[in-house]
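When we follow UniProt numbering, the leftmost residue of the sequence shown carries the number 1, and every step to the right adds one. Each residue gets a CB set at the ideal place from its N, CA and C atoms; glycine is no exception. Single-structure report; data block below.
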Amino acid sequence: MDYFVQLIQKTGLKMVPFIKTVIIYFMLGTFEYENHGKLWSTVVKIFPIISLMIFIFLYGINTSKGHRSRQFLLIGLIFSSIGDILLNIDFFPEGMGAFAVAQIFYISSFGFKPLKPLIGVVLYCIGAAGVSLFYQTLPTILKFGLPIYGTLLLTMCWRALARIAENPFDLKNFPKLACAIGAVLFVISDSLIAFDKFYIPLSFAPLSIMVTYYAAQFGITLSIVELDARSSNKMKINGGKNKLKAQ
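Quick look at the structure:
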């Protein structure tokens with residue numbers, strides 16, 4: 001519980017702009033297909049991602065090597081916002097390319113330790129099976145581009161999951177757990193886009209895609225939060241002292 005208190009203290013107010021912009025996005029029905037391509041919907045769509053960039057600045061970032069992970073994450077969000085713009089104005093291959101760059105920076109942010117190769121193998125097999133369902137219907141450029149993007153997306157998910165594989169329920173690793181959940185949601189969101197666009201239209205796709213997408217970016221961004229075990233122990237000690245005084 002102490003770790004959650006820390007998490008709220010470190011993120012609560014800084015995440016308010018993100019929460020507000022997400023609420024505005026859905027209240028305006030921005031996700032509906034008839035609003036695609038419009039200037040206002042494009043602007044409203046990227047506001048939550050810009051809010052996450054602001055969160056990183058408010059939480060703390062500089063040009064030192066110690067903040068390299070945050071730097072990569074910030075660049076990933078920048079390319080995600082570019083991808084959002086391009087997808088909203090129906091530049092699908094270009095948007096996918098921007099998101100591919102975003103995935104590269106997310107992968108760089110997460111690193112390759114611990115490796116946990118089995119997680120990657122399982123994800124790649126599932127991804128290959130999914131793409132095989134609609135591969136023949138893809139335009140020529142996407143027959144090359146989609147497998148590349150899918151590989152990068154699943155690699156990002158693999159690296160996020162690998163970081164929590166040994167202690168998935170350790171509360172002090174909650175930001176990494178949130179990141180792993182976010183990575184899985186990113187895969188789900190992009191899978192819904194692919195299946196809706198190239199396999200079978202899904203009536204629930206517009207809303208579901210954006211709910212999972214914003215939740216994904218939120219979880220991934222939370223990975224920069226560092227919970228201090230010493231602060232948690234101090235809370236316990238102070239709590240114990242207060243109980244003794246009460247007695």
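Cα separation between residue i and residue j?
i           : j    : result
T151        : A128 : 9 Å
G182        : F218 : 7 Å
D225        : T11  : Here the sequence assigns Val to residue 225, which means Asp is not the residue at that position. Approximately 8 Å, taken between the alpha carbons.
G111        : C179 : 13 Å
S208        : F105 : 25 Å
G158        : Q6   : A small fix is needed here, since residue 158 is Trp in this sequence, not Gly. Distance between the alpha carbons of W158 and Q6: 27 Å.
A162        : I119 : 7 Å
L177        : Y124 : 21 Å
L133        : M15  : 39 Å
G76         : T155 : 14 Å
residue 265 : P201 : Any property of residue 265 remains undetermined from this structure, which presents the chain solely from 1 to 247.
F92         : Y25  : 21 Å
D2          : V22  : 28 Å
K113        : L171 : 20 Å
F18         : L222 : 12 Å
F4          : I61  : 22 Å
E32         : D228 : 42 Å
F174        : I78  : 25 Å
I220        : M210 : 15 Å
I126        : I56  : 33 Å
F204        : W40  : 23 Å
A216        : I188 : 9 Å
L74         : T63  : 12 Å
L13         : P48  : 15 Å
A165        : R68  : 23 Å
T42         : N88  : 6 Å
T137        : K197 : 10 Å
Judging by CA-CA distance, which residue of the options is the nearest neighbour of residue i?
i           : options                  : result
Y59         : P48, Q71 and K65         : Q71
S81         : S191, K197 and I46       : I46
residue 323 : F79, Y135 and G66        : Since the first and last residues shown for the chain are 1 and 247, residue 323 lies out of range.
P139        : L39, W40, W158 and Y199  : Y199
L102        : D84, K116, G37 and N88   : For the sequence presented, residue 102 should be read as Ala rather than Leu. Looking at the Cα atoms, D84 is the closest of the given residues.
G130        : F174, I141, L146 and Q9  : L146
N94         : P201, L142, V43 and S109 : Residue identity check: residue 94 is Glu in the sequence provided, not Asn. Looking at the Cα atoms, L142 is the closest of the given residues.
G66         : S109, T42, E32 and F91   : S109
A100        : I49, N62, F18 and D190   : D190
K38         : D90, M96 and K113        : D90
Y213        : P168, L192 and L227      : L192
P206        : E34, S64 and R68         : E34
I148        : G97, A165 and S203       : G97
K20         : I126, V184, R68 and I50  : I50
D186        : E166, K197 and A160      : The residue you asked about is not Asp; residue 186 is Phe in the sequence shown. Taking only the C-alpha atoms, the option nearest F186 is A160.
L153        : I107, I164 and S69       : I107
L86         : L28, H36, T30 and V122   : H36
N167        : F144, T137 and K116      : K116
Output the boundary residues of the alpha helix (DSSP H) element that contains residue i.
i    : result
R159 : T140 to A162
S223 : No alpha helix (DSSP H) holds S223; DSSP gives it neither H nor E.
I200 : Here I200 belongs to no alpha helix (DSSP H), and DSSP marks it neither H nor E.
I119 : P117 to S132
P93  : F92 to F110
Only counting runs of 4 or more residues, tell me where the alpha helix (DSSP H) segments fall wholly within the segment 2-68, in order along the chain.
2-11, 16-27 and 39-59
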